[in-house]
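Protein chains in written order, with the working numbering: chain A, 1363 to 1726; chain B, 1363 to 1726.
We treat Cβ as the ideally placed atom computed from N, Cα and C, and that holds for glycine.
There are 2 protein chains.
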Amino acid sequence: MTDRYSEHRQIARDLGVDAVALVPGPNFTRLFHQAFHVNERPLVVLIPAEGMPAALVPNLELRSFDLLNFEGEVFDWRDQTGYADAFAALARHMPLSSVAVEGQVMRVFIHHAMTTAWPGLRVVDGERQIAGLRLLKTPDEVAAMEEAIRLSERALARTLDQVRIGQTEKEIEQILTLSLFTEGAEEHAFSPIVAAADNSARPHAHARADYAVRAGDALLLDFGGRKGGFCADITRTVFLDHASDEAQAVYDTVLRANLAGFAATRPGVTAHDIDDAVISVLEASPYADRIRTKTGHGLGRDVHEAPYIMRGNAQVMQAGMVWTNEPGLYQIGAFGVRIEDDVLVTEDGCRSLTSFPKDLTILR
Amino acid sequence: MTDRYSEHRQIARDLGVDAVALVPGPNFTRLFHQAFHVNERPLVVLIPAEGMPAALVPNLELRSFDLLNFEGEVFDWRDQTGYADAFAALARHMPLSSVAVEGQVMRVFIHHAMTTAWPGLRVVDGERQIAGLRLLKTPDEVAAMEEAIRLSERALARTLDQVRIGQTEKEIEQILTLSLFTEGAEEHAFSPIVAAADNSARPHAHARADYAVRAGDALLLDFGGRKGGFCADITRTVFLDHASDEAQAVYDTVLRANLAGFAATRPGVTAHDIDDAVISVLEASPYADRIRTKTGHGLGRDVHEAPYIMRGNAQVMQAGMVWTNEPGLYQIGAFGVRIEDDVLVTEDGCRSLTSFPKDLTILR
């Protein structure tokens, strides 16, 4: 059967399970072009290897679910009576002994509801295969990402224009947030990271309301807007008033690693190869003890998705993949530097979707 | 043992399990006053009924994890080698035969990692008990919510000032978003709903880029800012240029239901009682066939949390609970009306944390 579920049916066959279960999230939105709030109300679509799909839908979402033009049976449930009966009816309608789920998306309460409705159900984590369908971006998807990235870069320029010594990290974060939405972001792709001085050495730092930035500080901004369902993810590290000789040398090292990532990327190389090229630059420097992260991750509907750019990952890169090239060096208690671009693999190499300057920048 | 884990230890004992597992999310943040990004990297804290806690932490989060002043053993893992070994080491350190998890928060891949590391592990959904610790808000938490609500109300006023006939729903959504962040929101509490005319009859509608609002339309805005970790959740429905007699009658019915919710609320009544009081007003009206939702839900660190205000829920209301009073009437294909306030249960009744006017509003 060739229909919009062909890829998912193939995954079910490949994994040797009766069906694939999808819940609201990036894979669901890619398939149905319709997003649903993720909350306490289960909504599940079951796609069997053969035959019609079926769904379990909260009654109050039925009108939104109509927009999917769903072909199969729909079992709805109401808050007042709960969802157990609807799961049981769905189980009678579609007997299953095994199912593949999105391990990174589905939450345990739905897992429990399913193993209750289908006793003895074998639940296989099909995350890699299901999310793998998002590995290759279509031209439309790349265009959507470029729009998210461009607005994020305009927001960064707007922010850096307003940064002043004496502002707190939290104040700078507010400026960045407002700039993102002024430039047209629909959402944050993730909670932005605005971190100066020693805080910049925490890869996932939180902005502090009680630290005012000072002359000589590194200031790391890692952020992105989401628009049209797609994410930007950009990091730049700048310095306030001046940068020490050490800071300049570290910055130069990270930049060389970032450039090595571009140089290593073309169809046919592996994620391992790229990470190896990038990390080798850092390892060959005097700052090897400051390495704390892999090179990057895929980017698309999710801010972290496949392919993960790290040693040991044999994933072969193909034209249409997008990944973040974000090497960094982090000296605990002192400062960190990260430079992050979003990279599209092309037929003959790669192209940076980000274009914000990467020369060492000192804000005065 | 009396320590910061006493409540969680008690839950483990009450549920007859060896430990409670927490992952990043609202319960984690309440306990540790530190948030972590939710992504593909597992981070789990195990709190046993007796004895020291232990944790599994991505290596690159260790410096952020330090801020928790965690008392127990920490097992870290790196992207390059994966987390299976760290889970196995944690399992040797803390043998478990059963564990309670946050069913609405923990994702299946962590569930699978745990049942692999502790073969035969019985995983109990402790969502109700663990999230139940957030039922009663402290005065500081209420103050944080009031700040989120006040900025959201300022954003609504700012938005309504700018709404004009001919704008698309999407344009109005952008105005609302920008207003929220201008007024100091740190994040959206949830993707805002901006829906006019027939779209307003979908309780969880998405703004359309291809529908321009017209004279006579209902315009429903359901949104909230998040600040300091707490959410606002407000809905107002206004009309453009004029409101039909039917629209006015429907609006009046929904408003009376909303007011009935306030009148019914004091410590000692149940969530059932409140929903019954609210829905009864709608049921007694000529529009009973337009009822599609329960009255509301708890509000706090999560935009949807306990107590769920619905018939059948025997939860006894207590001073310190906060819930959304959001009756609505939805005529498919025509229009919907919802009015939503955030309500604090007090010692002698209740108090609305929202103060935005609820008189029928016609934008001209």
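Close beta carbons around residue i, own chain, < 7 angstroms, minus the five adjacent residues each side
i, result
"Phe1718(A)", "Glu1515, Leu1518, Ile1596 and Arg1598"
"Gly1682(A)", "Leu1498, Lys1499 and Val1707"
"Phe1394(A)", "Leu1430"
"Ser1647(B)", "Thr1615"
"Phe1592(A)", "Glu1503, Ala1506, Met1507, Ala1510, Gly1662 and Arg1663"
"Val1385(B)", "Leu1405, Val1406, Glu1464, Val1467, Met1468 and Ile1472"
"Arg1713(B)", "Leu1706"
"Ala1676(B)", "Thr1632 and His1634"
Nearest to residue i (by Cα), restricted to the options the options
i, options, result
"Met1391(A)", "Ala1619(A), Asn1675(A) and Val1407(A)", "Residue identity check: residue 1391(A) is Thr in the sequence provided, not Met. Ranking Ala1619(A), Asn1675(A) and Val1407(A) by Cα distance to Thr1391(A) puts Val1407(A) first."
"Met1468(A)", "Glu1402(A), His1455(A) and Asp1428(A)", "Glu1402(A)"
"Asp1703(B)", "Asp1710(B), Leu1691(B), Gly1711(B) and Lys1720(B)", "Lys1720(B)"
"Glu1531(B)", "Val1486(B), Ala1559(B) and Arg1654(B)", "Ala1559(B)"
"Val1640(A)", "Pro1404(A), Gly1630(A) and Phe1624(A)", "Phe1624(A)"
"Asp1651(A)", "Ala1676(A), Tyr1692(A) and Leu1715(A)", "Tyr1692(A)"
"Gly1318(B)", "Ala1574(B), Arg1663(B) and His1370(B)", "No information on residue 1318(B) is available, as it lies outside the stretch 1363 to 1726 that chain B covers here."
"Leu1538(A)", "Thr1521(A), Ala1626(A), Arg1526(A) and Ile1636(A)", "Thr1521(A)"
"Val1382(B)", "Val1400(B), Glu1464(B), Leu1418(B) and Arg1654(B)", "Glu1464(B)"
"His1399(B)", "Phe1585(A), His1474(A), Val1385(A) and Glu1433(A)", "Phe1585(A)"
"Ala1569(B)", "Gln1396(A), Ala1506(A) and Ile1724(A)", "Gln1396(A)"
"Ala1571(B)", "Leu1602(B), Ala1551(B) and Gly1528(B)", "Gly1528(B)"
"Glu1435(B)", "Ala1557(B), Gly1658(B) and Ala1416(B)", "Ala1416(B)"
"Ala1453(B)", "Arg1673(B), Arg1663(B) and Asp1380(B)", "Asp1380(B)"
"Asp1637(B)", "Lys1656(B), Phe1437(B) and Gln1372(B)", "Lys1656(B)"
"Val1485(B)", "Glu1709(A), Val1461(A), His1474(A) and Ser1553(A)", "His1474(A)"
"Ala1446(B)", "Ser1459(B), Leu1418(B) and Ser1460(B)", "Leu1418(B)"
"Ala1551(B)", "Leu1715(B), Val1665(B) and Glu1412(B)", "Val1665(B)"
"Gly1413(B)", "Gln1372(B), Arg1628(B), Ala1448(B) and Gly1387(B)", "Gln1372(B)"
"Ala1448(B)", "Phe1437(B), Arg1576(B), Gly1711(B) and Ala1626(B)", "Phe1437(B)"
"Ile1409(B)", "Ile1671(B), His1455(B) and Val1575(B)", "His1455(B)"
Close-in-space but distant-in-sequence residues of the same chain around residue i (CB under 6 angstroms, 5 per side omitted)
i, result
"Gly1729(A)", "A question about residue 1729(A) goes unanswered here, because the residues of chain A that appear run from 1363 up to 1726."
"Tyr1613(B)", "Val1699 and Leu1722"
"Thr1544(B)", "none"
"Leu1725(B)", "Val1525, Val1600 and Leu1602"
"Ile1472(B)", "Pro1404"
"Glu1549(B)", "Arg1588"
"Val1678(A)", "Thr1632"
"Ala1574(B)", "Gly1528 and Thr1530"
Same chain, Cβ closer than 8 angstroms to residue i, neighbours up to 5 away in sequence not counted
i, result
"Val1643(A)", "Thr1615, Arg1618, Ala1619, Ala1622 and Pro1689"
"Ala1547(A)", "Ala1510, Leu1513, Ser1514, Ala1517, Gly1587, Arg1588 and Lys1589"
"Ser1426(A)", "Gln1396 and Phe1398"
"Gly1674(A)", "His1634"
Subject >> At least 3 beta-carbon pairs within less than 8 angstroms: the stretch 1572 to 1591 of chain A vs the stretch 1478 to 1497 of chain A >> reply: no
**OP:** Determine which residues of the stretch 1439 to 1453 of chain A have a Cβ less than 8 angstroms from any Cβ of chain B, and write them out in chain order.
**Re:** Going along the stretch 1439 to 1453 of chain A in chain order, one finds Asp1441, Gln1442 and Thr1443 with a Cβ nearer than 8 angstroms to chain B.
Original post:
Okay, do the stretch 1435 to 1454 of chain A and the stretch 1413 to 1426 of chain A touch, 3+ Cβ pairs below 8 angstroms being the bar?
Top reply: yes
**OP:** Answer yes if the stretch 1692 to 1703 of chain B comes into contact with the stretch 1556 to 1564 of chain B, meaning at least three C-beta pairs across the two stretches below 8 angstroms, and no otherwise.
**Re:** yes
**OP:** Please list the residues of the stretch 1460 to 1474 of chain A that have a C-beta atom closer than 9 angstroms to any C-beta atom in chain B, keeping them in chain order.
**Re:** Val1463, Glu1464, Gly1465, Gln1466, Val1467, Met1468, Arg1469, Val1470, Phe1471, Ile1472, His1473 and His1474
Original post:
How do the stretch 1472 to 1488 of chain A and the stretch 1497 to 1507 of chain A stand: do at least 3 beta-carbon pairs fall below 8 angstroms, yes or no?
Top reply: no
Subject >> Completely contained alpha helix (DSSP H) runs for the stretch 1458 to 1517 of chain A, where each covers 4 or more residues >> reply: 1470 to 1479 and 1489 to 1494
**OP:** With 7 angstroms as the limit, tell me which residues of the stretch 1687 to 1708 of chain B have their beta carbon closer than that to any beta carbon of chain A; keep them in chain order.
**Re:** Ile1694
Subject >> Runs of beta strand (DSSP E) wholly within the stretch 1623 to 1705 of chain A (minimum 3 residues, chain order) >> reply: 1658 to 1660, 1667 to 1671, 1684 to 1687, 1690 to 1693 and 1697 to 1700
Original post:
Do the stretch 1533 to 1542 of chain A and the stretch 1369 to 1378 of chain B touch if we need at least three Cβ pairs shorter than 8 angstroms?
Top reply: no
**OP:** May I have a chain-ordered list of the alpha helix (DSSP H) segments no shorter than 4 residues that lie completely inside the stretch 1509 to 1573 of chain B?
**Re:** 1531 to 1544
Subject >> Residues, ordered as in the chain, of the stretch 1370 to 1382 of chain A that lie near chain B by beta-carbon distance below 8 angstroms >> reply: Taking 8 angstroms as the Cβ-Cβ cut-off against chain B, none of the residues of the stretch 1370 to 1382 of chain A qualify.
Original post:
Residue ranges of each alpha helix (DSSP H) run of no fewer than 4 residues wholly in the stretch 1416 to 1442 of chain A, ordered along the chain?
Top reply: 1424 to 1427
Subject >> Interfacial residues, the stretch 1554 to 1568 of chain A to chain B, with Cβ spacing under 8 angstroms >> reply: Ala1563, Arg1564, Pro1565, His1566, Ala1567 and His1568
Original post:
Quick one, which residues of the stretch 1497 to 1508 of chain A are near chain B if we go by CB-CB under 8 angstroms, in chain order?
Top reply: Against chain B - using a Cβ distance shorter than 8 angstroms - the stretch 1497 to 1508 of chain A contributes no residues.
**OP:** Check distances from the C-beta atoms of the stretch 1425 to 1439 of chain A to those of chain B and list, in chain order, the residues that come in under 7 angstroms.
**Re:** Arg1425 and Ser1426
**OP:** Would you list, in chain order, the members of the stretch 1572 to 1597 of chain B that have their beta-carbon closer than 7 angstroms to a beta-carbon of chain A?
**Re:** none
Subject >> Residues of the stretch 1397 to 1419 of chain A with Cβ closer than 9 angstroms to any Cβ of chain E, in chain order >> reply: Note that chain E does not occur in the displayed structure, where the protein chains are A and B.
Original post:
Name the residues in the stretch 1668 to 1687 of chain B whose C-beta lies less than 8 angstroms from a C-beta of chain A; which are they?
Top reply: Tyr1670, Met1672, Arg1673 and Gly1674
**OP:** Would you list, in chain order, the members of the stretch 1647 to 1664 of chain B that have their beta-carbon closer than 9 angstroms to a beta-carbon of chain A?
**Re:** Arg1654, Thr1655, Lys1656, His1659 and Asp1664
**OP:** Taking a Cβ distance cut-off of 9 angstroms, strictly less, list which residues of the stretch 1602 to 1623 of chain B are near chain A, in chain order.
**Re:** none
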